[in-house]
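Residue numbers (the working numbering): 743 to 837.
Put into structure tokens, the structure is as follows:
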């Protein structure tokens, strides 16, 4: 319901602040317990919970000092410097 549809009694700022605070507290409690509920549901179905750990992609580029880059995210300085000197990214491609 939008503010233009409100038909009830007007409320003061302090009451509004209290309602917002209560809503935020309720949301935090729900967000905290939901992952555990989902894991319990998976276990009840006989499904092993998936790993929540992020899987990193393998590196695609490697320089002479052993520093690597996956090709995602910000380009490392060693590669930017090489390209700025008219070098090719493929010079460091891991084969």
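The beta-carbon is built from N, C-alpha and C at its ideal position, and this holds for glycine as well.
For residue 775, does the three-state DSSP call read helix, strand or coil? Counting from 1 along the chain shown, the entry for residue 775 is found at position 33. DSSP places residue 775 in helix when its eight states are reduced to three.
Please report the distance separating the alpha-carbon of residue 777 from that of residue 754. Translated into positions along the chain shown, residue 777 becomes position 35. Translated into positions along the chain shown, residue 754 becomes position 12. Roughly 36 angstroms between the two C-alpha positions.
Kindly indicate which three-state DSSP category residue 804 falls into: helix, strand or coil? Numbered from its first residue, the chain shown carries residue 804 at position 62. Here residue 804 sits in strand by DSSP.
Along the chain, where does the alpha helix (DSSP H) that runs through residue 828 open and close? Within the chain shown, residue 828 is the residue found at index 86, counting from 1. Counting along the chain, residue 828 falls outside any alpha helix (DSSP H), and DSSP gives it neither H nor E.
For residue 804 and residue 810, I'd like the C-alpha separation in whole angstroms. Taking the chain shown and counting its residues from 1, one reaches residue 804 at position 62. Taking the chain shown and counting its residues from 1, one reaches residue 810 at position 68. Answer to the nearest angstrom: the Cα atoms are 4 angstroms apart.
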